[in-house]
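All remarks here apply to the structure that follows.
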Amino acid sequence: FYPFEKCEHGNLSEFLGPRARRLSIFAHNPWHNDYIDFPDSDADFVSVLIPLSDRSGQRAPLYGCPESFRLKQRFKSDEIEIDEENVSVEFEGVKHHFKRRRLELKFGEFGIWHALNLHAVYPNLDSSPVVNLRLNFCKTSSKDGLLDSGYKREAYRA
Numbered sequence: 047f048y049p050f051e052k053c054e055h056g057n058l059s060e061f062l063g064p065r066a067r068r069l070s071i072f073a074h075n076p077w078h079n080d081y082i083d084f085p086d087s088d089a090d091f092v093s094v095l096i097p098l099s100d101r102s103g104q105r106a107p108l109y110g111c112p113e114s115f116r117l118k119q120r121f122k123s124d125e126i127e128i129d130e131e132n133v134s135v136e137f138e139g140v141k142h143h144f145k146r147r148r149l150e151l152k153f154g155e156f157g158i159w160h161a162l163n164l165h166a167v168y169p170n171l172d173s174s175p176v177v178n179l180r181l182n183f184c185k186t187s188s189k190d191g192l193l194d195s196g197y198k199r200e201a202y203r204a
């Protein structure tokens, strides 16, 4: 049940067929925006997260900063500062602060965010696993990144 117990995330691609995107398992996923999933895309897509199990309480808390996409900037995890209430990034010499918000998603609900929204998944401290379905949608004119170098990755352990 815990194949990646000592790491932040892992990739289960080796168990998928060659035409499949990938399947990931996360112990937690630090603050980031979703361009990291498709590094060669124009990052103009939205992600829809559909919980197949309850995500309230201590069940893999999902946090986001809805206003952060307005910067239209890609940030790596090490460029993001967090404190008890805010998430901060520096862009063009200006420090930007965003209130972090918890998305308490229950089975049957869904969350949606732009690829450039800052968000994080904190560790699941509940004894039951959390399972989600994530779908990405983009305009047909977007460079979606599906054929980029990140489309199919080798299995790895982070």
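Numbering (the numbering used here), first residue to last: 47 to 204. Every residue gets a Cβ at the ideal spot worked out from N, C-alpha and C, and that includes glycine. Note that this is a predicted model, so its numbers are computed, not measured.
1. Between the stretch 160–176 and the stretch 88–100, are three or more C-beta pairs nearer than 8 Å?
2. Please go through the same chain and pick out, in chain order, the residues whose beta-carbon is closer than 6 Å to the beta-carbon of PHE115, but skip the five residues on each side of it.
3. Going by C-alpha distance, which of PHE153, GLY110, PRO76 is nearest GLU131?
4. Roughly how many angstroms separate the alpha carbons of GLU155 and PRO97, rounded to a whole number?
5. Taking only runs of the beta strand (DSSP E) that begin and end inside the stretch 78–124, which ones reach a length of at least 3 residues, in chain order?
6. Just grab the DSSP bridge partners of PHE183 for me.
7. Since I believe PRO169 is in contact with HIS74 (beta carbons under 8 Å), could you give me their beta-carbon distance rounded to a whole number of angstroms?
This is what the structure holds:
1. Contact annotation: the stretch 160–176 touches the stretch 88–100, with at least three C-beta pairs closer than 8 Å.
2. The beta carbon of PHE115 sits closer than 6 Å to those of HIS160, LEU162, ASN163, all from its chain and outside the five residues before and after it, given in chain order.
3. Closest by C-alpha distance to GLU131, out of PHE153, GLY110, PRO76, is GLY110.
4. Looking at the two C-alpha atoms, the distance is approximately 7 Å.
5. With a minimum length of 3 residues, the continuous beta strand (DSSP E) runs that stay inside the stretch 78–124 are 91–97, 108–111.
6. Among the bridge pairs identified by DSSP, PHE183 is matched with VAL92.
7. With 8 Å as the limit, HIS74 and PRO169 qualify as a contact, their Cβ atoms being about 4 Å apart.
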